[in-house]
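Heads up: the protein sequence lines correspond to chains F and H, in order. Be aware that the first sequence starts at 1, since it is given in the working numbering, and climbs by one per residue. Be aware that the second sequence starts at 189, since it is given in the working numbering, and climbs by one per residue. Data block below; observations after.
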Amino acid sequence: MWRNGSDRYGLVSISFHWAIALAFVGLVALGVWMVGLSYYDPWYNDSLALHKAIGIVALALAAAKLGWRFADRKPGLAVDLRPHERAGATVMHWCLNALIVLVPVTGYVISTSEGAGIDMFGLFEVPAVLGKTEAFRDLAIDLHYYLAYGGIALVAVHAGAALKHHFVDRGSTLKRMLNPRPPTGRRG
Amino acid sequence: MIARTLAAVLAATAIACSATAAQAAQYRIDGAHSFVQLKISHLGYSWMVGTFDRISGSLSFDPAAGPAGQKISVEIDTASVDTGHAERDKHLRSPDFLNVRKFPKATFVSTGYEGDAKGGTMKGNLTLMGVTKPIAIAVKKVGEGKDPWGGYRAGFEGTATLSRKAFGAGMNLGPASDTVYFFLSVEGIRN
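Here is the structure:
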C-alpha cells in the first residue's frame with residue numbers, strides 16, 4: 001500500500017508525484033503572474049514571498065521524493081508500453097527529476113545571492129549558504145528562467161503522453177499513478 | 189656600438205620624461221576609491237539608496253590651465269548596481285529598469301567646466317540606457333596630494349539629478365520616484 005510494488009507505485013510515491021506536480025505547475029504560474037504585477041499591486045511583495053517559501057517546500061519535497069526513489073524498490077514501467085515509449089518515458093522521468101531540483105535550487109541561489117535568507121511564511125528563515133558571486137548569480141537567473149519554462153513544456157508532454165496512453169491506448173500508466181492497487185492493464 | 193645604445197636609451201628617457209611632464213594633469217580614476225551612489229524616493233516616504241560598484245575612466249585636473257584644463261570621462265558598469273537586496277538588484281538589471289544586457293555601460297563625458305580649482309559645474313553628456321542627454325554636475329575638490337605609496341592623488345565630489353522619464357523610465361514607481369539623486373565621489377591617480 002505505502003511502498004512500491006514490482007509493478008505498481010505505493011501511496012508514498014503517488015503522493016510525492018502529485019504534490020510536486022501541483023507545486024511545480026503552481027509555482028511557474030505564480031512566477032509568470034508575479035513578474036507582470038505593477039509596483040502598486042497589493043500582491044507585489046507578497047507574491048514573491050510566497051513564491052520563495054513555496055519554492056523551498058517544493059525543493060524539500062523533491063529531495064524527499066528522490067530519497068524515497070532510491071530507498072524504495074523501483075516499479076517497472078507499465079508492461080503495456082512499446083519499446084520507444086519505454087525509452088521516452090525513462091528519459092522524461094530523469095529530466096523531470098532533474099528539473100524539480102534544479103529550478104528551486106537556482107531560485108534559492110538568486111534570492112540568497114546577496115546574503116539574505118528566505119523567510120518561510122513568517123515562521124522561520126532558511127539561511128543563505130553561498131557567498132556573493134555575480135557570475136554564479138547571473139547563471140542561476142538564466143537557468144531559473146529557461147528551466148522553468150522548458151520544464152512546463154516537458155510537463156505538458158509528460159501529461160499529454162499519460163493521457164494518450166490512458167484514453168487512446170487504454171493503457172494502465174495513469175491508473176498506476178492514481179491508485180496504489182491498479183487493475184493490471186493490457187493493451188487490447 | 190655601446191655608445192649608440194647609450195644614446196638611444198638617453199633619447200628614449202628624454203622622450204618619456206617630456207611625455208610625463210605634458211601629462212602631469214592626467215589622472216586615471218581609482219575604481220576602488222570612487223563611488224557612484226544613487227538615491228530615489230520610495231513612495232515619497234523614504235530613500236532607497238544604492239551604488240554602482242564598478243566605475244572607471246580618466247580625468248584631467250589642471251587648475252593652471254583654467255576651465256579648459258578640467259575634464260572627466262567616466263564609464264559605469266550598469267550591472268554593478270547594488271542596493272543590498274538580491275531580487276531588487278535583479279529587477280534593476282532587467283529591461284524594466286537598466287536593461288544591462290542591452291546597455292552594459294553608462295558613460296559621462298564632460299563638455300565644459302565653469303568654476304575654479306575648488307569647485308564649480310561640470311557639464312557633459314550622460315549616456316544611460318542608450319539615451320544621451322546633457323546634465324550638469326555640481327562638483328568640488330575634496331583634496332589632493334601625495335599618497336603613501338609613491339603616487340599623487342586628487343579627489344572630487346559631485347551631485348547631480350536626473351529624471352527617469354528623460355532616459356526612458358521603464359517601470360512606473362509612482363509620482364515621487366521619477367527623480368534620481370546622484371552623489372559621486374571620484375579619486376584620480378596622476379599618471
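Glycine included, C-beta positions come from ideal geometry on N, C-alpha and C. These numbers come from a predicted model, not from an experiment.
When secondary structure is reduced to three states using DSSP, Thr271 of chain H falls in the coil class, being assigned neither helix nor strand. Scanning F:Asn179, F:Ala87 and F:Ser13 for the CA closest to the CA of Phe70 of chain F turns up F:Ser13. Interface with chain H (9 Å Cβ-Cβ cutoff): Glu114 of chain F is included.
Setting aside the 5 residues that flank it on each side, Met120 of chain F is surrounded in the same chain by Ala53, Ile56 and Val126, each with a C-beta closer than 7 Å to its C-beta; the list follows chain order. Legend: CB atoms of the region 276 to 295 of chain H lying less than 8 Å from CB atoms of chain F belong to residues Asp277 and Lys278. Within the same chain, and ignoring the five residues on either side of Arg289 of chain H in sequence, no residue has its Cβ closer than 6 Å to its Cβ.
For Ala213 of chain H and Ser261 of chain H, the gap between their C-alpha atoms comes out near 14 Å.
Under a 10 Å Cβ-count criterion, Pro180 of chain F is classified as buried, with 16 or more other Cβ atoms of the shown protein chains found around its own Cβ. In the DSSP annotation of this structure, the continuous segment of the beta strand (DSSP E) that includes Ala326 of chain H starts and ends at Val319 to Lys334. Bounds of the beta strand (DSSP E) holding Asp265 of chain H are Lys259 to Asp265. In this model, Asp270 of chain H and Gly219 of chain H are separated by some 15 Å (Cα to Cα). CA-to-CA, the gap between Leu314 of chain H and Phe24 of chain F works out to about 44 Å. Among the CB atoms of chain H, one or more fall inside 9 Å of the CB of Leu48 of chain F. Interface with chain F (9 Å Cβ-Cβ cutoff): Leu226 of chain H is excluded. The CB of Ile110 of chain F comes closer than 8 Å to the CB of Ala274, Glu275 and Lys278 in chain H, given here in chain order. Under the three-state reduction of DSSP, Thr133 of chain F is assigned to coil, being neither helix nor strand. Only Ile141 from the region 140 to 171 of chain F bring a Cβ to less than 7 Å from some Cβ of chain H. Taking C-beta atoms under 8 Å as the contact rule, Gly339 of chain H and Glu375 of chain H fail to qualify, at a distance of about 11 Å.
From the beta-carbon of Met236 of chain H, no residue of chain F is found nearer than 9 Å; the closest lies around 12 Å away.
The CB of Tyr39 of chain F comes closer than 8 Å to the CB of Met359, Asn360, Leu361 and Gly362 in chain H, given here in chain order.
By DSSP's assignment, Val224 of chain H forms a beta bridge with H:Phe240 and H:Leu372.
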